[in-house]
Structures are given as C-alpha cells and as structure tokens.
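Respectively, the protein sequence lines represent chains S and B. For the first sequence, the working numbering gives the first residue as -3, with consecutive numbering after it. For the second sequence, the working numbering gives the first residue as -3, with consecutive numbering after it. What follows is one structure encoded as structure tokens, with my remarks underneath.
Number of protein chains: 2
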Amino acid sequence: MPIMNSKTGEVRKTYSVEELEKTAAEMRGYNMIALSCAGSGHSGGTMSAMDFTAALYLHEAKIDPENPRWPERDRIIWSSGHKAPNVYLGPAMAGAFDVKDIARLRKLGSPYQGHPHWLKFEWAEASTGSLGQGLSIGVGIALAARLDGAGYRTFVLCGDGEMQEGQIWEAAMSAGHYNLDNLCCLIDKNGLQIDGCVDDVMNIDPLAEKFASFGWNVLEIDGHNMGQIVEALEKARTLTGKPTVIIGDTIKGKGCCLMEDVCGWHGKAPSREEMDSALNDLGVSYLPVEEMFKISDDYQAKVEKELEDRQPKFKRDYWWNRGEGMDVDMKPTRKGFGKALEQKGDDERIVCLGADISGSITISQFHDSHPERSNRFLSMGIAEQNATAAAAGLAKEGKIAVFGTYGVFASGRNLDQLRTTVAYGGFNVLVAGAHGGVSVGPDGATHQALEDLYNICGIPEMNVVVPCDYEETRKATIALLFDIVGPKYIRFAREATPMVTDGNTPFVFGKANVIRLRKTDGRFAECFETVLAGEYKNEKEDLSIVACGPMVPEAMRAAWILKEDFGLETRVVNVHTVKPLDSESIVRAAAETGCIVTAEEHQAGGFGNIVAAAVLSAAENRLKAIPFGMIGVMDRFGESGAPWELVKEFCVSAEHIAKKAKALIDTK
Amino acid sequence: MPIMNSKTGEVRKTYSVEELEKTAAEMRGYNMIALSCAGSGHSGGTMSAMDFTAALYLHEAKIDPENPRWPERDRIIWSSGHKAPNVYLGPAMAGAFDVKDIARLRKLGSPYQGHPHWLKFEWAEASTGSLGQGLSIGVGIALAARLDGAGYRTFVLCGDGEMQEGQIWEAAMSAGHYNLDNLCCLIDKNGLQIDGCVDDVMNIDPLAEKFASFGWNVLEIDGHNMGQIVEALEKARTLTGKPTVIIGDTIKGKGCCLMEDVCGWHGKAPSREEMDSALNDLGVSYLPVEEMFKISDDYQAKVEKELEDRQPKFKRDYWWNRGEGMDVDMKPTRKGFGKALEQKGDDERIVCLGADISGSITISQFHDSHPERSNRFLSMGIAEQNATAAAAGLAKEGKIAVFGTYGVFASGRNLDQLRTTVAYGGFNVLVAGAHGGVSVGPDGATHQALEDLYNICGIPEMNVVVPCDYEETRKATIALLFDIVGPKYIRFAREATPMVTDGNTPFVFGKANVIRLRKTDGRFAECFETVLAGEYKNEKEDLSIVACGPMVPEAMRAAWILKEDFGLETRVVNVHTVKPLDSESIVRAAAETGCIVTAEEHQAGGFGNIVAAAVLSAAENRLKAIPFGMIGVMDRFGESGAPWELVKEFCVSAEHIAKKAKALIDTK
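See below:
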C-alpha cells in the first residue's frame, strides 16, 4: 500500500525503490543529527533498521500521515523500542509532521521519548523498550483484527538480540497456533548486541528453523537491499494460513563508516564531528543541521528554565558544587559494584552472569582485567528469567552467583524466578538492580526502576541493600558476597552521584548510620560526621531524614539547607540495608527528634511505607505525635530527561526534602 | 548407572527392564494411595511420568539412597513440580526411606509438600512448581559441573504444557549455546493439560524440530515402553557436544483405566473407591493401603491438635459455624468473578484470555454456557508474559481484555509486562490474581500468592481491588469491567469463605465500607450493619480493624470476639479498593477510634504498610498517639496444608486479630 488519504481513498504518494533508497539515506542522516542533538541514544540499531523503516512507512504499510488513528491503518509495533528514532522518522518522512522536530529527541517533556510512548506520540502503537514484548502486543492486535473482521495488518519490528527473550517464543507459538496471517514480523538481524556478537553472547541461530518450527513462514533477505525488502513485504502480504517473519541480514551502524559493524555503537550517540562524518558518508550533508541544533538548544533552555523556576527557593543556591565551598566529588555508584567484583573476584566460588549490559552495569569488571576469570563469567543474553534460575542452579552447587541487569528487569522480568527459585530455595544469589531510580535519564520510563523496592522487599527472607555512593556500594557488594548467605539484592544508580563516604566510614550490613552536619566550611563530605546509629548519642535534633541510596547525599544537602536557612538541626539516617530493616534506629530517631521525613529515589512508599510502619508500630512512639512526610516519585512513570533534570522534575532533590521538612516542623 | 554405595563404590542394586516395569506399577499404586490420603493433588501427570521416574532413579541416575547429598550423584530436577509424588517415590523405591511415609503428602509441616521443596526434602534438588523454571536450574547446575570438572549429569523432567513457557526456550537456547552435553531433558508428553488437549490449548508441536533448532539432540520414544526408555537414557549418556532431550509419548493417568487420557484428572485425587479401582488395574492391590491411611490420619490428627493448642483462647469457641447461632454461609470468592463474567459477557468488547486454569479460577464461566462467546475466549496456554502483553494489544483495539491465573503468576511471572506494556500504556486490561493468600492450601508455597499486593500496588496508576466475599467479588468485577478504564487488578481467593455481603450492601470503587456489629443473635451476616465509610457517623469505638479480602469476615468475627469477651466496640473498615486508597476513611477511623489493627491474608505490610503510611502522614492524627498493629504473614513462605489450617498456622484468624487488638488497647 502506498501512503493514503483516508478521507478520499486516494493515494497521496508512491515511492519507487530508488526513491526509498534515497529517502532511507536522508532518514539515517536525520537520525544522526537527532542523536547528536540528544547526546545519547542508540546509533547502531537505528541505522541497521532504517531500510526496513523506509520501506514500511513509505511503501508497504497502509497509513495516512494526516490521520494517525485511522481505524483501517496498518499497525506498526517496534518491539525493539530503543530504535525509537525510527518510530518518529517513519511517520515524519511520510508527511505527518516536520521531521526537524525530532531534534527534541530524549528531552524532558518531549513527545520523542528515549523509548516510544504511544500516549505521547500518537504514531506509536505501543510503549516499548523492555525487549521481547512487542511481538505479543502484535499478537493481541492481530487477534483483535480477526475478531472485528478488520482488514488491517500488523507489523512487528524486532532486533536479533531480543530473540533471546523467552517471551518472543511464547508470542511466536501463539501466532502460529492461531495462524495469524495478518501478522508480519521483521527482524533486523545485525549480528551485534551490547556485549558483543550475538553468536557469542547467546547464539540465536538457526533463526529461520526456529520460526519455521513455531509455525511461521520464513523469508530471509538482505535487509539493506531495498528491492528485496519491498519484494519480501509484498510476498508476505500474499501468504495465508501462517504468520510470516522476514529476517533481514543487516549491518549495525549501516551507512556511517565509523560505526558499521563496530561493537560499542549500540547505545552511543555520535559527537558533532562523528555526525558530520556520517552525513558525508551518507551523501546527505545538505540536511538542516544548524536548524535542528537550534531547535534542540532552544527547547533544552526552555526545559531548564521551567525546572529551575519550579525548584523550591532558599536564601542561596545550595545545588551541588555551585557557589563557594562545600564542593563534592561525583562518581557513579555502579562503579563501586564493579570495583568490588574486580577486587574480590579471585574467589573461585564467584560466578557472574551477564545479561548483555555487562559493561554499563560494570559487572564485566569482574573479568575485564582478569582473563583467568573468564570461564567464571557466563554470558546469558537478554533472558533474565533463565539467568536468574540458572544462578540458583549454580548457587546450589556452591557458587556465589552474581546476576545483574537494569533494576527494572532484575526485579521485575524475573520476579517469579527470584521469588520461587532463588528466595524460596534460599540460594546464595546476589542480584544487582542497576540503573535504579531516575538516574538512567534519557532512556525514559521503560528503563527507570522506580518500583523495584516494592517487588524485592516483598519477597520473604530477601536481603536488600541500597547503598548511598560509590564507596558504600563497593563495601556493600563485598559484604553481600561473603557475609550474607542467601538471596540478596543490591540496588544502585547509573549517574555519577556525590561521594559522601570513604574507607573509614562505618558500614555494617543491617545497621543504619547516623550522619550529622558539623561544619559548613570545607569540602562537603568532610563537613559531616558519620557513626553507626547504634553508637549515636541523642542530640535532640529538630528532625530526622531517613533515606537510602542516592537520596542520602540529597538528605545531607537538605540538612545543610535547613541549618543555614532555618537554624534547624537534622539527623540523617542512612538506611542502606532496607531489608532486614534497622527498625530500632528508625524508631529511636522518631522518638528522639519527633519528626521524620523519608527520602527515596523510587515511588514514594517503597521505602517510606516500611519506615512508616516501623515508626507507627513502635510502642515507644505512642507517647507523642510525630509529623511524618515522604519524598519520592508520586505514583507516576518515569520520563526521558537528563538525570539531574529528572531529580528536579520528580521532586526528589534536597530542596524538596528541605521544603517538606520545614513544613512538617512548622506543624509541630 | 545402577544404585550405588557412595562409600565403597559398589553397586547396591540393579534392575532389569522387567523389574523396572513391575516397580513402576507399584510406584503408581503408592502414588494413588498417597493422593487419596491427601484428598488432593495431581493424578494424571504423576501417572504418565512414572515409567521415566522408575527408569531414572532405579537404573540410569547415579545415586546412593543412603547419601542424598553425595557430591558425585546425578542431579534430578523436576521442572513440573506438581509431579511431586514422583520426586518422593523415586528415592523411596531406591531405598532412601520407607515409602509408606509419603502418606503424609500435602499435609502441614510434612516434608512431602504439594510441590517439592528441597529444604524440606533432601532428595529434591530444587523447589519447583512454577512451571518452566526447572530447565534453567538444570542449565545452572550443568554449568557448575563443567566449571568444577565434575562428572555428574543433570536430568530435568518437564511436562508438555510447560513447553508453552518462554523460559523453557531461554533455557533451551542457553543449553545449546553452551553445548551442555551433561544435561538431559525428559519430556512427559501426555498431550493433556488442565484446560484440555495441548494441541487445542496452545499447540507445542512440532516439538522435536523446535528442540533441534535450539541446538539439541532429540530422541523420541514411547514413554511407557521401559525398554525404549532405558535405551534412550543410555544413548543420551553417550551423545556429546549437545544437550539431549528425550521426548516420551505418554498417556495421562497411565495405569488407571478411569483416568487414562481423560481430561479433568490433572489436579484431582482419587477417592477411596477410585484408588481401589486403580490398584486393581495396576495389579498391586497388595500394597499396604490401611497402614498408609493410618499414617495419614494419625499425622493429620497431630497437626490439628497442635494448631488448635496454639490458637489464642477466648471465653468460648468463636470459630465459623461452631456453637449456637451466628451461622454463616460459605462460598468461594473466585466464583463471584466467574459469575460477573457470565452475567456481563454479552458485551462484545469483553475478551477473556485463559492460561490453562480457566475452570479453577472460573474465568471459563464467561463462555461455558455461552458457546456464542467462544470466539472471545482466547486460550493462551501457560505463557503469562505473552498473554499479558497480548491483552494490552487487544485493549488497544478497543477490547476490555480480561486475563487471569494464579495470583503468583498474574502479578509476578508477568510483572514487567504488566508494568511496562499494560500500565505504562494505560491499557484497559483487567488482571485477575486468583487463589490469593494461603487459601490455595495443599499446593503449597509456590502457588500461594502472599506478595502480590506489593508488586501490583507499586505499579503507577494501577487500580487494585481485593473484595471480601463472593458477592463483593461479583460487584467488583463488574465495576472494574465497565467503570474503570485502565490497568486494573482484582485479587480473590480459592477456598470457600464466609458470605458477609449481599445485593444490598454498598459497593463503590475507591470508597471503603464501615461494618459494625449490631447484635449477636441471628445469622452472622445479619448481625452486622454495613455503610459507606463516607456516610458513617462516628460512634467513638474502641478500635478500628482495617482489612481487605477474606480478612474482612475474620475482622468481623474478631469484632464479635472483642465485644463478647471484653465489651469492646470495633469499627471494621473494609478497604476493598486498595489502590487508589480511601485514605480519608482510614485516617478518620484512626482519629476517631484511636487504635488501628490492619488485617491481610498476605505478607504483613503489603496492605498494612500502606495503611500505616496513610495514618502517619495525616495531619489529623498528630494530636494524639495511635496504637497500631498488623496481622498478616510474617515474612515467610507459604506451606502445604488445608486452607483453614493455614489460616491458623500463619496467624491470620479472627482470634489473632482479636488478641492483637486487645493487647494494643491495653497500651492505650
């Protein structure tokens, strides 16, 4: 089907194969510009899938660029949601809107989220990003079409890495079972995933035989030969009785010489120079680069101003490393995890399981500089369920099994496996929920773990640690590896966050620390004293801030604000071990300071509700009333944006803590 | 390998094919007796897998019955954990313990849990029951063996229904990837699953081609031909370079004429007469039936006495329908769900997705008596991830998609799909978490949803209802179907529980009810008055019990106990809508009665923490101290036992609520 006018039934535009090829080159160029404007994103796969994109939106699919929700339109689902630019570029090039607008890609409040959200971008048919789900959505849509007797077709675009997800095979089986010949899956088989070659990470071949055995028609083509693509799509339209999969052999980074078939370009955006070089390679240097950068910059400036205007205001600007004194070093907590594995990895019992983002979450540091440990690093691919249960099997045979991935997937995709196989079995498995909180930034809601504490803390007998900075993450990892035998979860963030502990700071699993501001004339961390809560002597402070993870530095900064602006003394309680909870220290803080604010980079309540229950259940507190408030994300999904923008957007900064604390104290 | 002596290296015993056949018949007989003693359990699959069981434990696997944790033993994992009797019978027949002891199957505190738990039964290599996880555990063990240079082999027994689980294909892919020739999977392909023929529920064929395409050696045999089984196992031992799967064609219920190939015998135990008939069919009527029933009865009596001794004591026995007056009718809440679907299913928008336990959770009532709706009932097999995301696809096209299964799987196995595809997408999908709480009984921990409220309530923008009885479940289902557009979850129980509402009882989504004991001389439900909390006039009661689900009737009974024994007046607040929470009514109850006990048939805190946070955060309550306590499961996994036994064992009965309430009030 060419591009249609849904009102008149007329054809708006047709594309020859040559025109499709030329337009695909331009789309690759726009993609490079948008990614460069964003400063992050997925270059490799967006480029490899671009010929499919052009052929689908401009030639095969029945769409009307002026009627995004036309009931008769063909449905296009991007199961590999990280190829979001393609989701935006297809309709734009078909004429739906000005393509230059995608310069706002991955920015706060933009319709062009890091992973597509159909409620923000009306051309997206689903919100995807958690791999392996799109084919199932397509099955549901295809079944609905059949129920309704509707003639539209459903296309699902998948990557090859996500073929490792079991859900793909559930969906494939059901599509075969229901003979869904109105469903067509396109696989962008570029042969690379984040951790390396698909063949090495977790071999998916022979892919054609797999789909055939699941009841599908299989067409194998060169995914960069536009003639073959068009022909395959046309053939798929005529095949009846079975769903059809078109497997396109492609080249990751296709069209940009420095990216082509180079591992490392999965989740990386081109610099300005690399972008220029790409446009040159593509022969599209004529694209409106400057205009798009201006759109990007103007929008970004507007976002930042609006955020700043909404921040609670105090006598001065207390933001990190602004103004004189109280400077702080920043380092990602995740690196403390990798460092611990690197330091302690000689222990032959330790076996690490990788889930294709091993470098990013730093689990690969276990063996990066230690090739002799490589046999104890097991690549499991994008298959969190299998990895989690396999970790239990390894633990059963005496290994200390360590599995890590994004917190969303490390606590959610595998929850039943974590609960039933790991925790119920009491197995010695350490699961790392990386990129917790909003700090994963522009990847957006699908990848922001804001609910994991609910899931994880709900599991009986689970041990849960949420360390506050790099050094505490390192110590916590070591403690969990060797001191705690059983199911255990560590949650840490992606972004660089303030270093507020050092080698001398106490860390005892299960015991909270009390942190007190002692001066304001030095480096930030040095102005605070930290002691084990059990050893702390009551100073009858005005309030307590009970925090975990990256909110501990924010709580400390709030203590500074409260002291400087209002003369209030704050007891910061760092509850790095969320389960088992150090209820005693929390209850003491409540009783002794008479006011509690909880702070979590998480849905408000995952941590705060536990603290509330501990405080309210304690007989000690029945003597007096306790003002209580929570800081956290207020029951909403994440968003794309820079990590520190999101801290402001979701109202989880020190300023928000301080404002809430002051309001509570005023009610005392 | 024959049965070994691990100390001497000598063979303890060998079995000929004929002896294996004879022993398998005896094992089937013991299985029938144990299931009959238990009064529940899985007849069909245990019988079909018995020849595999005999061949493995008595002939092929290297085991020493006197050394269950012999490091060199072969590992045997039962992925289909509902075939637990086989897990117990194999070692018993090999000489590990007296086989008659399995008469304690599925009873509280027994090592013979409804699904095997390796921490309670040392011959089990893993705790299974949530389908599709065992092959992954086997992959982990096989990888550990390779790392350790150990010579043992790993066997994984699977059913055919669980081939529908995506995790099986993740595991299969990884076993192929790592060329795990020390891993052997045996598939008991009996062709039936709960909802019907596997071919109809979700066709898994051609299974051999599937495994071959995932990199496995495939052997297909008659799973009841002992010669073929022995030969295939011996051949698998010699095959190198790949894992091997032995697909055995079997007959569900094999050996018992009335069960053979009859759908309906999946999760059903034989009556005494049916058992006698089975023993006769098998030619093993000489087995010690009476002796085993005595073991069963004696153990059961001991369990019941111990439970009764531990129950909190009051002036009289207030248990349901004991003593004079206050009688109550019992009906399973799940039936209210099915009834609503039956009543309202004519609405063409409603589409139900079944997950192979459709009858048990009553979702099949949607079309059981309405063949014209059959096209809107979509069987999705045992594939919760696919079903959940497909439901979103259906909802996207305007359907009201209803998906249900056990609460464990409806909120856990599919959590990432629920969160990212359904809830983030804002889709109009109703998920039913059936068999919530301990009331699933003898199936045990793997199947008892005690954590689902954590997972579900943590999802932003989710709507969550936990109705208190049959009638409220019916009303809630209708309200969720038609009044609430978006992601929604309903949690209900399996067992018959007291009917405490009727057609006239108010039910408004999002608004709690207040229930007050008004008299004690009539039928139980009639002695209470129920009004919308917003319309309730403060009576300055002594305390409030804030409850949801089946704990509402328990709370009401606690109110009766507290009145009769101590003259205390109780405000029972039925918070059927857990999200969004009716904070106002809860805060009012706290402020007006000055004492709160929460009650949930769930890990204590999933509901109670939310209530605690609401109470503590409310400015109204800062004027006075509020005694607060929680009733719920105390951070432990479930157990096998009769539903009402478990209510006592987990301390979630009215007696426990009343005891806690009295203790709190005494601190006021």
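Glycine included, every Cβ here is placed at the ideal spot set by N, Cα and C. Just so we're clear, the structure is a prediction, and the values are computed from it rather than from any experiment.
How far does the beta strand (DSSP E) with residue i in it reach, from first residue to last?
i      : result
K327/B : M326 to P328
V398/S : I396 to Y402
L182/B : L179 to K185
H173/S : Element bounds for H173/S: not the beta strand (DSSP E) but the alpha helix (DSSP H), G162 to H173.
F373/B : F373 to S375
Name, please, each residue of chain S whose Cβ falls closer than 7 angstroms to the Cβ of residue i.
i      : result
I455/B : E447
L476/B : Chain S residues near L476/B: none, gap ~19 angstroms exceeds 7 angstroms.
Run through chain B and tell me which residues come within less than 7 angstroms of residue i, C-beta to C-beta.
i      : result
R413/S : For the sequence presented, residue 413/S should be read as Gln rather than Arg. Those are Q129, listed as they occur along chain B.
N665/S : A query on residue 665/S cannot be resolved here, the shown segment of chain S reaching from -3 to 664 and no further.
G625/S : S613
F399/S : Near F399/S there are no residues of chain B at all, since even the closest Cβ is about 10 angstroms away, more than 7 angstroms.
For the alpha helix (DSSP H) containing residue i, list its first residue and its last residue.
i      : result
I653/B : A650 to T663
D364/B : Q361 to D364
A92/B  : Run containing A92/B: none; DSSP gives neither H nor E here.
D195/B : V194 to M198
I557/S : M547 to F562
Quick one: Cα of residue i to Cα of residue j, how far?
i      : j      : result
K311/B : A391/S : 51 angstroms
S613/S : P483/S : 27 angstroms
L254/S : Q189/S : 17 angstroms
R372/B : V398/B : 10 angstroms
C464/B : V568/B : 12 angstroms
M222/B : Y53/B  : 13 angstroms
T19/S  : A30/S  : 16 angstroms
H220/S : C154/S : 16 angstroms
L124/S : G350/B : The amino acid at residue 124/S is misidentified as Leu; the sequence shows Thr. Spanning the two alpha carbons is a distance of roughly 24 angstroms.
L414/B : W316/B : 37 angstroms
I247/B : D94/B  : 28 angstroms
R514/S : K309/S : 23 angstroms
V285/S : S267/S : 13 angstroms
S106/S : R100/S : 6 angstroms
E320/B : V481/S : 52 angstroms
T329/S : R490/S : 7 angstroms
G437/S : A445/S : 11 angstroms
G400/B : A430/B : 7 angstroms
G40/B  : W261/B : 5 angstroms
Since residue i contacts residue j with CB under 8 angstroms, what's their CB separation in whole angstroms?
i      : j      : result
V324/B : A521/B : 6 angstroms
M288/S : K96/S  : 5 angstroms
I452/B : S407/B : 5 angstroms
Measuring from the CB of residue i, is there a heavy atom of the ligand PLP at a distance below 7 angstroms?
i     : result
T19/S : Absent from the structure shown: the ligand PLP. Ligands present: none.
Would you mind telling me which residues of chain S sit closer than 9 angstroms to residue i, beta carbon to beta carbon, in chain order?
i      : result
R632/B : P456 and E457
L115/B : Y420, G421 and G422
V404/B : D412, R415 and T416
S281/B : Chain S residues near S281/B: none, gap ~38 angstroms exceeds 9 angstroms.
Counting only Cβ pairs nearer than 9 angstroms, list the residues of chain B close to residue i.
i      : result
N371/S : R142 and L143
K655/S : Near K655/S there are no residues of chain B at all, since even the closest Cβ is about 16 angstroms away, more than 9 angstroms.
Taking residue i as the query, report the chain B residues whose CB atoms sit under 8 angstroms from its CB, ordered along the chain.
i      : result
G125/S : T416
List the residues of chain S whose Cβ lies closer than 8 angstroms to the Cβ of residue i, in chain order.
i      : result
E121/B : K392
*Scan the region 129 to 162 of chain S for residues whose Cβ lies nearer than 9 angstroms to a Cβ of chain B and list them as they occur along the chain.*
Q129, G130, L131, S132, I133, G134, V135, G136, I137, A138, L139, A140, A141, R142, L143, D144, A146, T150, M159, Q160, E161 and G162
*Report the residues of the region 595 to 610 of chain S with a CB closer than 8 angstroms to any CB of chain B, ordered along the chain.*
Q599, G601, G602, G604, N605, I606, A608 and A609
*When you check each C-beta in the region 190 to 205 of chain B against every C-beta of chain S, which residues fall closer than 8 angstroms?*
M198, N199, I200, P202 and E205
_Residues, ordered as in the chain, of the region 331 to 363 of chain B that lie near chain S by beta-carbon distance below 8 angstroms_ = V347
*Going along the region 10 to 38 of chain S in order, which residues come within less than 9 angstroms of chain B, judged by CB to CB distance?*
none
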